[in-house]
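Peer 1: Below: one structure in structure tokens.
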């Protein structure tokens, strides 16, 4: 993509309304713009990151055997009356009346709708286990939206729902999602710790939040320091494998959110030098709630013995749009964002230091073409901006690599290659800079 | 994907509520389910088709130089008061009041929001021309939703918006989208004819609808028969090319929707044996409306002479979810759907005629693995269903190819390969059937 044909409105000055660094940097880098309180447009650069994260989430859901579908944003209020949750949800639910005076709502979550869909589509024990998920926009009418897309009103969430014949099978589905979440965060470059959590309006008695430690987090969390050192499980598990031993290292050590914190147990079980109490950002939340929805909504299948059995269920959420901000919170410096390669909007920023100079233009065009043809994603700054402004912009938007080409270096046939994360700069010949990336592909 | 782990609730009997064939087949094939009047869930098979269509639309938008972003579904009513359209839109607009009693709405289109975004991000003539687009759910509160996703209330639309300095530049952007649309429909296997059309609540004085001829179409259309024979333009146009001559063959011949029909002109300009008057389904609508929104919303840039100039704009819509139904209308037989390969949810259906038979299972597993590893998409029916039911299901869901493996053929080392569109069946050895697809990839 050429900057001259892109839409990336950079803000030079820090926007006043932004209280936290991710909000500030996402606005400055031209990733998002607020259109109403807590409701954002995703500009091209922001959308690219959002889609990269969404795709990683999707791949790990599919790997765990979950099947993707897509439920609508607008739901009937009657569905929520059937489950008994219509009144529970309070003012956070955006309630709507349509032209025929029917009560509707903008879905904040989808337990009801998926339960009805599955009930109408499944007949017998042979139709389970099944985990279904979708990645769809949700709305929660927060009383005080803030922190940009970290706590917006319209947000993108992946929510999965498991259906099993027995509670012990259901627990296996829960564990499978537990592993998928650990793998997802690892691929996003995040260290997320699963913590025992309150179940709130979703219900059930087993629940974990996945938490990133960050000073800007909204809640207090408590955990054993060694949890920060654990590596995510590999991807070599079959669909029938028992994953209890795989997740045991996370369950064995103390980790709890504020609501579930047990001070006495924390101080007894965790040595003083291993006690972490910190602020945390929730980036995922999983629940097992048995037949809480399948009972009232009559979602049963015929078991092997012929008897109708209400299914045992869990639900599993990841805030995809919130993750964009969480990654910026975890990965930035005073110059701007530092994207992990897995989610970067482009891998390479190519800076033409003297647009209009024949030789520099020719070399940049050639590099742009060679790298693009080799499958690399390149943002080529071909504008007439001053060099200083181009450097600042590239640092701000945080692409992992910068290639800097100008007349002075080109006299020796050299360009500069800068690693955004380390700041390291090397001088390379034109073939070598291409080889650096094209070699790295295989 | 194995059918035993998928979610594809087939209906054996034609659903009563479906009046047209696409609605009936999409319900029967387990592609969609209605959750409220005119609001649908996309089950896995339906979502796959929806995403394939979305991706083709996206690729042709990108090829035309349009840049993708994403605007939210919920908009502020004030934005529409600024443009003067808040009252114009009538009861089709879903109006919402949030917890702070602010007037909001579920966007039926995005001229206002994109105009504000572009206004706040663009400064000078160097920031144009630009065409921005998004693919997002919209809501129109139809008084009588029907025909399934053909005329639903919540629907997925691609809408693009062009910004130019002058009307003649704006016309070039319009032509570029015109070509992108022709190419998009060709890739979808559809013959869509651009017709002069009324501009309705979007406004402006230049507009074309892209229409597919079909008996179930909602409106009457009139055109020259030769338009059905034209082939879509190639993909070899540069971003600066003048596309007027490229689209001339479509503009030279008579084609108009009912609202724009001129009977006298039609009968004068089109020979009697070339006159087509038929029912049509609208699958796209493009508009050029100059400064209709940029004037009231003060979206101007500084021209080369330093003077502020309101930008000249157009908007360009394709109903992505409606296209799923339109393709089914255009491509089916008494057995079910016949997907064009470009949008098929899977390319190959693999039928195991005797699940549980060691040899048949072994061969099917091996074919499934070889084809999947070679990048082919395969739906493997590994269930215990009767052969007859499996055949019916595969025909119904319309995958382009079926591989049928059973003990009888395997005694001679043969499987059957069936082409869904032609019904042609050939007997092939195991290596040959793999070679048929893996060879076809390159």
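Protein chains in written order, with my numbering: chain L, 2 to 443; chain F, 2 to 443. Heads up, the beta-carbon is just placed ideally off N, CA and C, and yes, glycines get one too.
Is residue 97 (chain L) close to chain F, meaning its C-beta is less than 7 Å from at least one C-beta of that chain?
Peer 2: Yes - at least one Cβ of chain F is within 7 Å of the one on residue 97 (chain L).
Peer 1: Could you confirm whether any beta carbon from chain L is found closer than 7 Å to the beta carbon of residue 68 (chain F)?
Peer 2: Yes, residue 68 (chain F) lies at the interface with chain L (some Cβ there is under 7 Å from its Cβ).
Peer 1: Would you say the stretch 277-291 of chain L touches the stretch 97-105 of chain L, given that touching needs at least three Cβ pairs under 8 Å?
Peer 2: Cβ pair count under 8 Å is below three, so no.
Peer 1: What separation, rounded to the nearest whole angstrom, lies between the Cα atoms of residue 184 (chain F) and residue 330 (chain F)?
Peer 2: Near 20 Å, if we compare the C-alpha coordinates of residue 330 (chain F) and residue 184 (chain F).
Peer 1: Residue 131 (chain L): which of L:31, L:312 and L:404 sits nearest, CA to CA?
Peer 2: For the residues L:31, L:312 and L:404, the minimum Cα distance to residue 131 (chain L) belongs to L:312.
Peer 1: Look up residue 427 (chain F) in the DSSP assignment and give the residues it is bridged to.
Peer 2: DSSP output for residue 427 (chain F) lists F:418 as bridge partner(s).
Peer 1: Residue 214 (chain L) and residue 256 (chain L) - do their beta-carbons sit closer together than 7 Å?
Peer 2: No.
Peer 1: Have a look at residue 37 (chain L) and residue 50 (chain L) and give me their C-alpha separation to the nearest angstrom.
Peer 2: Near 22 Å, if we compare the C-alpha coordinates of residue 50 (chain L) and residue 37 (chain L).
Peer 1: Report the rounded CA-to-CA distance for residue 1 (chain L) versus residue 153 (chain F), giving the unit in angstroms.
Peer 2: A question about residue 1 (chain L) goes unanswered here, because the residues of chain L that appear run from 2 up to 443.
Peer 1: Using the C-alpha atoms, what's the distance from residue 84 (chain L) back to residue 20 (chain L)?
Peer 2: About 38 Å.
Peer 1: Which residues does DSSP list as the beta-bridge partners of residue 258 (chain L)?
Peer 2: Paired residue(s): L:222.
Peer 1: Chain F beta carbons: is any one of them nearer than 7 Å to that of residue 361 (chain L)?
Peer 2: Closer than 7 Å: no.
Peer 1: Give me the Cα-Cα distance between residue 423 (chain F) and residue 32 (chain F), rounded to the nearest whole angstrom.
Peer 2: Going from the Cα of residue 423 (chain F) to the Cα of residue 32 (chain F) covers about 23 Å.
Peer 1: Among the residues of its own chain, which have a CB less than 7 Å from the CB of residue 405 (chain F), if the five just before and after it don't count?
Peer 2: The answer, listed in chain order, is 352, 354, 416, 417 and 419.
Peer 1: Quick check: the stretch 135-155 of chain L against the stretch 294-305 of chain L, are there 3 or more CB pairs under 8 Å?
Peer 2: Result no; under three Cβ-Cβ pairs closer than 8 Å.
Peer 1: Does any C-beta atom of chain L lie closer than 7 Å to the C-beta of residue 445 (chain F)?
Peer 2: Residue 445 (chain F) lies beyond the residue range present for chain F, which begins at 2 and ends at 443; the question has no answer from this structure.
Peer 1: Mind checking if residue 338 (chain F) is an interface residue toward chain L, Cβ cutoff 7 Å exclusive?
Peer 2: By this cut-off, residue 338 (chain F) is not an interface position.
Peer 1: For residue 445 (chain L), name the three-state secondary structure that DSSP assigns.
Peer 2: Here chain L comprises residues numbered 2 to 443, so residue 445 (chain L) is not present and cannot be evaluated.
Peer 1: Contact criterion: CB-CB distance below 7 Å. Does residue 156 (chain L) meet it with respect to chain F?
Peer 2: Taking Cβ atoms only, chain F never reaches closer than 7 Å to residue 156 (chain L), which makes this a no.
Peer 1: Please report the Cβ distance between residue 454 (chain F) and residue 382 (chain F), rounded to the nearest whole angstrom; I am assuming they are in contact, meaning their Cβ atoms lie under 8 Å.
Peer 2: In the structure displayed, chain F extends from 2 to 443; residue 454 (chain F) sits before or after that span and is not available.
Peer 1: Taking the CB atoms as reference points, tell me whether residue 339 (chain F) and residue 421 (chain F) lie closer together than 7 Å.
Peer 2: Their beta carbons are under 7 Å apart, which means residue 339 (chain F) touches residue 421 (chain F) by this criterion.
Peer 1: Interface residues of chain L around residue 76 (chain F) at Cβ under 9 Å?
Peer 2: The answer, in chain order, is 36, 37 and 40.
Peer 1: Nearest-angstrom Cα distance between residue 341 (chain L) and residue 48 (chain L)?
Peer 2: Their backbone Cα atoms lie some 16 Å apart in a straight line.
Peer 1: Are the CB atoms of residue 261 (chain L) and residue 197 (chain L) nearer to each other than 7 Å?
Peer 2: Against a cut-off of 7 Å, the Cβ pair of residue 197 (chain L) and residue 261 (chain L) comes out as a contact.
Peer 1: Under 7 Å between C-beta atoms, does residue 242 (chain F) make it to chain L?
Peer 2: No, residue 242 (chain F) does not count as interfacial toward chain L.
Peer 1: Using a Cβ-Cβ cut-off of 7 Å, state whether residue 1 (chain F) counts as contacting chain L.
Peer 2: Outside the shown range of chain F (2 to 443) lies residue 1 (chain F), about which nothing can therefore be said.
Peer 1: Return the residue from the list L:93, L:134, L:64 and L:258 that minimises the CA-CA distance to residue 146 (chain L).
Peer 2: With distances taken between Cα atoms, residue 146 (chain L) lies closest to L:93.
Peer 1: Going by alpha carbons, who is nearest to residue 398 (chain F) out of F:426, F:291, F:334 and F:387?
Peer 2: The shortest C-alpha separation from residue 398 (chain F) is found at F:334.
Peer 1: If you measure from the beta carbon of residue 345 (chain F) to each beta carbon in chain L, is any gap under 7 Å?
Peer 2: No, because no Cβ of chain L sits closer than 7 Å to the Cβ of residue 345 (chain F).
Peer 1: Extract the residue ranges of the beta strand (DSSP E) inside the stretch 333-382 of chain F, only unbroken runs of 3 or more that lie entirely within it.
Peer 2: Listed in chain order, the complete beta strand (DSSP E) runs (minimum 3 residues) inside the stretch 333-382 of chain F are 349-353 and 379-382.
Peer 1: Can you give the beta carbon distance from residue 411 (chain F) to residue 370 (chain F), rounded, assuming they're within the 8 Å contact cut?
Peer 2: Their Cβ separation, rounded to whole angstroms, is 17 Å, which puts residue 411 (chain F) and residue 370 (chain F) out of contact at 8 Å.
Peer 1: What are the residues that DSSP puts in a beta bridge with residue 314 (chain L)?
Peer 2: L:164 and L:291.
Peer 1: Three or more C-beta pairs closer than 8 Å, one from the stretch 8-15 of chain F and one from the stretch 120-128 of chain L: is that the case here?
Peer 2: Output reads yes: the stretch 120-128 of chain L touches the stretch 8-15 of chain F.
Peer 1: Starting from residue 105 (chain L), find everything on chain F with Cβ-Cβ shorter than 8 Å and list it in chain order.
Peer 2: Within chain F, the residues near residue 105 (chain L) are 37.
Peer 1: Sorted by chain position, which residues of the same chain lie with C-beta nearer than 8 Å to residue 247 (chain L)'s C-beta, five sequence neighbours on each side aside?
Peer 2: For residue 247 (chain L), where only same-chain residues beyond five positions count, the Cβ hits under 8 Å are 176, 180, 234 and 238.
Peer 1: Starting from residue 24 (chain L), follow the alpha helix (DSSP H) in both directions and report where the run begins and ends.
Peer 2: Segment 22-29, the alpha helix (DSSP H) holding residue 24 (chain L).
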